[in-house]
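**Q**
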Amino acid sequence: MTKKLICLVVAVGMLASVFTACGSNSDTSTSTSSATGTAAVSSGDTTSGSENLTPYSLSALLPGDTPLQLDEVLAETNKKLEEALNVTLGITFASWTDYPNKAQVMIAAGDQTDLIFDAPWMHLSQMISKGAYLDLEPLLEKSGPDLIKAFPKQMIDANRQNGKIMGIPLGDVLSSQHGIWIRGDLREKYGMAPIETIDQYEQYLTKVKENEKSMIPLTWLGNYCIGSNGFYDAGYDVTLFGGNNSEVDIFATGDKVEDIVPIYENPHVLDWIKMVRRWYTSGLIEKDQMTQKDEMGAFKSGKVASIKGDYIVGTISNQLDAIIPGAKVEFVNFEGKDTKHVTNFAQWNFICVNANAKDPDRAIKFLNWMYQDQANYDILRYGIKDVNWVDTGDKTYDLPKGIDASKNYNFPGYDLMWNPNFERTLATSSEDDKFYYKKLRDPNQLIASKLMGFTPNLDPIKNEIAKVSAIWPATMLPILNGSLDISELPKVQKKLEDAGYLKIVEEAKKQVDEFLASKN
Numbered sequence: 000m001t002k003k004l005i006c007l008v009v010a011v012g013m014l015a016s017v018f019t020a021c022g023s024n025s026d027t028s029t030s031t032s033s034a035t036g037t038a039a040v041s042s043g044d045t046t047s048g049s050e051n052l053t054p055y056s057l058s059a060l061l062p063g064d065t066p067l068q069l070d071e072v073l074a075e076t077n078k079k080l081e082e083a084l085n086v087t088l089g090i091t092f093a094s095w096t097d098y099p100n101k102a103q104v105m106i107a108a109g110d111q112t113d114l115i116f117d118a119p120w121m122h123l124s125q126m127i128s129k130g131a132y133l134d135l136e137p138l139l140e141k142s143g144p145d146l147i148k149a150f151p152k153q154m155i156d157a158n159r160q161n162g163k164i165m166g167i168p169l170g171d172v173l174s175s176q177h178g179i180w181i182r183g184d185l186r187e188k189y190g191m192a193p194i195e196t197i198d199q200y201e202q203y204l205t206k207v208k209e210n211e212k213s214m215i216p217l218t219w220l221g222n223y224c225i226g227s228n229g230f231y232d233a234g235y236d237v238t239l240f241g242g243n244n245s246e247v248d249i250f251a252t253g254d255k256v257e258d259i260v261p262i263y264e265n266p267h268v269l270d271w272i273k274m275v276r277r278w279y280t281s282g283l284i285e286k287d288q289m290t291q292k293d294e295m296g297a298f299k300s301g302k303v304a305s306i307k308g309d310y311i312v313g314t315i316s317n318q319l320d321a322i323i324p325g326a327k328v329e330f331v332n333f334e335g336k337d338t339k340h341v342t343n344f345a346q347w348n349f350i351c352v353n354a355n356a357k358d359p360d361r362a363i364k365f366l367n368w369m370y371q372d373q374a375n376y377d378i379l380r381y382g383i384k385d386v387n388w389v390d391t392g393d394k395t396y397d398l399p400k401g402i403d404a405s406k407n408y409n410f411p412g413y414d415l416m417w418n419p420n421f422e423r424t425l426a427t428s429s430e431d432d433k434f435y436y437k438k439l440r441d442p443n444q445l446i447a448s449k450l451m452g453f454t455p456n457l458d459p460i461k462n463e464i465a466k467v468s469a470i471w472p473a474t475m476l477p478i479l480n481g482s483l484d485i486s487e488l489p490k491v492q493k494k495l496e497d498a499g500y501l502k503i504v505e506e507a508k509k510q511v512d513e514f515l516a517s518k519n
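Numbering (numbering that gives the first Met the number 0), first residue to last: 0 to 519.
1) Hey, S174 and F434 are a contact pair by Cβ (cut 8 Å); roughly how many whole angstroms apart?
2) Among R276, W219, L60, whose alpha-carbon lies nearest the alpha-carbon of W95?
3) Which whole-angstrom value is the C-beta distance of P144 and N158, which I expect to be below 8 Å?
4) Could you have a look at Q160 and say whether DSSP puts it in helix, strand or coil?
5) Whose C-alpha, out of S58, V104, L69, Q199, is nearest the C-alpha of L88?
6) Between the region 257 to 273 and the region 229 to 236, do at least 3 Cβ pairs fall closer than 8 Å?
7) Determine the burial state of D512: buried for a count of at least 16 other Cβ atoms within 10 Å of its Cβ, exposed for fewer.
8) Going by DSSP in three states, G178 sits in which element: helix, strand or coil?
9) Going by the DSSP bridge assignment, what does P168 pair with across the sheet?
10) Can you look up T474 in the DSSP assignment and give me helix, strand or coil?
11) With three or more C-beta pairs closer than 8 Å as the rule, is the region 232 to 248 touching the region 443 to 460?
12) Taking buried to mean at least 16 other C-beta atoms within 10 Å of its own C-beta, is D198 buried or exposed?
13) Apply the 10 Å Cβ neighbour rule to R277 and answer buried if 16 or more other Cβ atoms are within range, or exposed otherwise.
14) Under 8 Å between the Cβ atoms of P62 and D414?
15) What distance in whole Å lies between the Cβ atoms of I164 and L135, which are believed to be in contact at a cut-off of 8 Å?
16) So, at 6 Å on beta carbons, what are the nonlocal neighbours of I311 in its own chain, with the 5 sequence-adjacent residues on each side left out?
17) With distances taken between CB atoms, is the gap from Q444 to K339 smaller than 8 Å?
18) Candidates T196, I155, G253, I383: which alpha carbon is nearest V331's?
19) Let me make sure I understand the geometry here. Which of T314, E463, N407 has the alpha-carbon closest to that of L69?
20) Sorted by chain position, which residues of the same chain lie with C-beta nearer than 6 Å to H267's C-beta, five sequence neighbours on each side aside?
21) Determine the closest residue to V389 out of W368, T427, G162, with distance taken between C-alpha atoms.
22) What does a CB cutoff of less than 8 Å around D44 pick up in its chain, not counting 5 residues either side in sequence?
23) Bridge partners for L61 per DSSP, in chain order?
24) Is W219 closer than 8 Å to Q176 when the C-beta atoms are compared?
25) Within 10 angstroms of its Cβ, does T474 collect 16 or more other Cβ (buried), or is it exposed?
26) Can G109 and N355 be called in contact, C-beta distance under 8 Å?
27) Which residues mark the beginning and the end of the beta strand (DSSP E) in which D198 is found?
28) Quick one: residues in its chain with C-beta nearer than 8 Å to the C-beta of T205, no 5 flanking neighbours on either side, listed in chain order?
29) If you compare alpha carbons, which of V172, P261, N367, S124 is closest to E493?
30) For I402 and N387, what's the separation of their Cα atoms in angstroms?
31) Quick check on this structure: which residue in G253, V328, V341, I363 has the alpha carbon closest to the alpha carbon of L515?
32) Within a Cβ cutoff of 6 Å, which residues of the same chain sit near V504, ignoring the five residues on either side of it in sequence?
33) Cα separation between K302 and P477?
34) Any idea if N161 is buried or exposed, counting beta-carbon neighbours within 10 angstroms, 16 or more meaning buried?
35) Report buried or exposed for N244, applying the criterion of at least 16 other Cβ atoms within 10 angstroms of its Cβ.
36) In this structure, how does DSSP classify E187 when only helix, strand and coil are distinguished?
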């Protein structure tokens, strides 16, 4: 698991939406084999129009709440789809709570729903190992040329599963960028220039402590280390091998992978530990940080002056201003705004083709149709033009005058179609939001990590991970979060090693060596 995964899980949870199962399909032009998870592509027509295609009811199962006005938007979409592919699309939503089990049960029972959402943080690997999804490469070669062109090559290649395209990776950007949120209005109040360095950030925290007696300068969730959220990972792609509570931090740039060592020997982490301890003893961090369960609530209520965040601040800034008039949120990125960001291009949401689907080829034709033209993408993503949204030029959009956003169509793009080359930016977004959207959608502004495409296999060390994870929150985590002094590290080291931590380190070395050797 990487830091990007952790943050994305939080982001998707904040966006959460609902849905329930769709009707089955009725065309047999393509046969499938669920045993091998490979589509046997028929030699049927390859026309882009619908004249030689039999009618087909295409279905999708997605997590979240059913969007308002979905029926109206699907009616307009299906007019286009019937003309292009002789297809009618139906979408069923299931609640986030019910969705993971529902998808598994449906597929196991032979349900023929064509398109299924899945994710590495859900049960993607498990479902692939059971033959639930098809390898899409042969289907894409035959019926997905526009889809392949629509996605940057790095995005496809980095998100293969065991070398195969087992789902279409969905992302509105090619890479996330994490850092810190601060109160911009407080920074201005103290006469400080925009924050670009950790030293300047520490000065900001100190001024908050000195001037805002009832405010906590910095906090974050008690079960999490904030260090890899823009501090010691700045300038690197960092893989947390083993997961959050048994991690081996692997640092990679575009040119190399640094030596893999236990976390208590890693120079980047040790520097962080010393700094965060100084912050904690100086009162810059919440005294009871290890029990913090709602950093966002604390920030929005004005109790805290800084929390971890990401590059998009528009929504949180509007929410904060509604509670505290004049309050502003700023994103702090210690890499520098214009520095190229190192990334593994990993995405955390996928749309997969069910191995039980009657016509996988038609499912790919539909996905290909979405990426043939911006208008095709727009109608499902944003709704009916000039009814649900208006085109404001330069790949931006806005709501029509008088439209209440809370009552408007709002499709969760991460469920079905997100693509950095087709996503629009809200015209009213802040200049910083627009800057980061543009930067993180441009492959030329990113550096491919030496570990791009590396996927940890934790099965060989699952027993050790379980043992280390059981003691991590009371041993290593307090040191990483500053509430326990570094002088306790030797005792913590022994406990971790007694639980099998060094085997996790050795497995990380082995898997990275094998991955790098396979690329040469």
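We treat Cβ as the ideally placed atom computed from N, Cα and C, and that holds for glycine.
**A** In brief:
1) For the purposes of this step, residue 174 is taken as residue 175 along the sequence shown, with counting starting at 1. For the purposes of this step, residue 434 is taken as residue 435 along the sequence shown, with counting starting at 1. The pair is not a contact, with the Cβ atoms about 15 Å apart (cut-off 8 Å).
2) Indexing the sequence shown from 1 puts residue 95 at position 96. Minimum Cα distance to W95 is reached at L60.
3) Counting from 1 along the sequence shown, the entry for residue 144 is found at position 145. Counting from 1 along the sequence shown, the entry for residue 158 is found at position 159. Not quite, the Cβ-Cβ distance comes to about 19 Å (not below 8 Å), so this is no contact.
4) Along the sequence shown, read from residue 1 onward, the residue named residue 160 stands at position 161. Q160: strand per DSSP, three-state reduction.
5) As a first step, residue 88 is located in the sequence shown; it is residue number 89 there, counting from the start. Considering only alpha carbons, the answer is S58.
6) yes
7) Reading the sequence shown from its first residue, position 513 is the one you call residue 512. By the neighbour-count rule (16 or more Cβ atoms within 10 Å), D512 is not buried but exposed.
8) Looking up residue 178 in the sequence shown gives position 179. If DSSP states are grouped into helix, strand and coil, G178 belongs with the strands.
9) In the sequence shown, counting from the first residue as 1, residue 168 sits at position 169. Looking at the DSSP assignment, P168 forms a beta bridge with F349.
10) Taking the first residue of the sequence shown as 1, we reach residue 474 at position 475. Residue state, collapsed to three classes: coil.
11) yes
12) On the sequence shown, residue 198 is found 199 positions in, with the first residue counted as 1. Exposed, by the Cβ-count rule.
13) Working through the sequence shown from its first residue, we reach residue 277 at position 278. Label assigned to R277: exposed.
14) Locating residue 62 in the sequence shown gives position 63, where the first residue counts as 1. Locating residue 414 in the sequence shown gives position 415, where the first residue counts as 1. Yes.
15) Mapped onto the sequence shown, residue 135 falls at position 136. Mapped onto the sequence shown, residue 164 falls at position 165. About 4 Å separates the two Cβ atoms, so the contact holds.
16) Position 312 of the sequence shown holds residue 311. For I311, where only same-chain residues beyond five positions count, the Cβ hits under 6 Å are D432.
17) Looking up residue 444 in the sequence shown gives position 445. Looking up residue 339 in the sequence shown gives position 340. Yes; because the gap between Cβ atoms is below 8 Å, this pair is in contact.
18) Counting from one through the sequence shown, the residue named residue 331 turns up at place 332. Minimum Cα distance to V331 is reached at T196.
19) Here residue 69 corresponds to residue number 70 of the sequence shown, with the count starting at 1. Of the listed residues, the one whose Cα sits closest to L69 is N407.
20) Here the question's residue 267 lines up with position 268 in the sequence shown. Same-chain partners within the cutoff: Y231.
21) By 1-based counting over the sequence shown, the position of residue 389 is 390. Ranking W368, T427, G162 by Cα distance to V389 puts T427 first.
22) Counting from 1 along the sequence shown, the entry for residue 44 is found at position 45. Because the pLDDT of D44 is 41, which lies under 50, any placement of that residue in the model is unreliable, and the number read from its coordinates should be weighed accordingly. Contacts found: N51, L52.
23) Translated into positions along the sequence shown, residue 61 becomes position 62. Answer is F92.
24) The residue given as residue 176 occupies position 177 in the sequence shown. The residue given as residue 219 occupies position 220 in the sequence shown. In this structure, W219 does not lie closer than 8 Å to Q176 by Cβ.
25) Start at 1 with the first residue of the sequence shown, and residue 474 comes out as number 475. Answer is buried; the Cβ neighbour count reaches 16.
26) On the sequence shown, residue 109 is found 110 positions in, with the first residue counted as 1. On the sequence shown, residue 355 is found 356 positions in, with the first residue counted as 1. For G109 and N355, yes; Cβs fall inside 8 Å.
27) Indexing the sequence shown from 1 puts residue 198 at position 199. Segment 197 to 210 is the alpha helix (DSSP H) holding D198; no beta strand (DSSP E) there.
28) The sequence position of residue 205 within the sequence shown is 206, counting from 1. Closer than 8 Å at the Cβ level, and outside the excluded window around T205, lie P216, S281, L283.
29) Working through the sequence shown from its first residue, we reach residue 493 at position 494. The residue asked about is misnamed: residue 493 is Lys in this sequence, not Glu. Checking every option, the nearest Cα to that of K493 belongs to P261.
30) Within the sequence shown, residue 402 is the residue found at index 403, counting from 1. Within the sequence shown, residue 387 is the residue found at index 388, counting from 1. If you take the alpha carbons of I402 and N387, they lie about 8 Å apart.
31) Sequence index remark: in the sequence shown, residue 515 carries index 516 (1-based). Measuring from the Cα of L515, the nearest candidate turns out to be G253.
32) Taking the first residue of the sequence shown as position 1, residue 504 is located at position 505. Cβ within range, chain order: V247, P261.
33) The residue given as residue 302 occupies position 303 in the sequence shown. The residue given as residue 477 occupies position 478 in the sequence shown. Near 23 Å, if we compare the C-alpha coordinates of P477 and K302.
34) By one-based count along the sequence shown, residue 161 stands at place 162. The residue in question, N161, is exposed, as its Cβ has fewer than 16 Cβ neighbours within 10 Å.
35) Here residue 244 refers to the residue found at position 245 when the sequence shown is read from its first residue. Looking at its Cβ environment, which holds 16 or more other Cβ atoms inside 10 Å, N244 is buried.
36) Walking along the sequence shown from the start, residue 187 turns up at place 188. Helix at E187.
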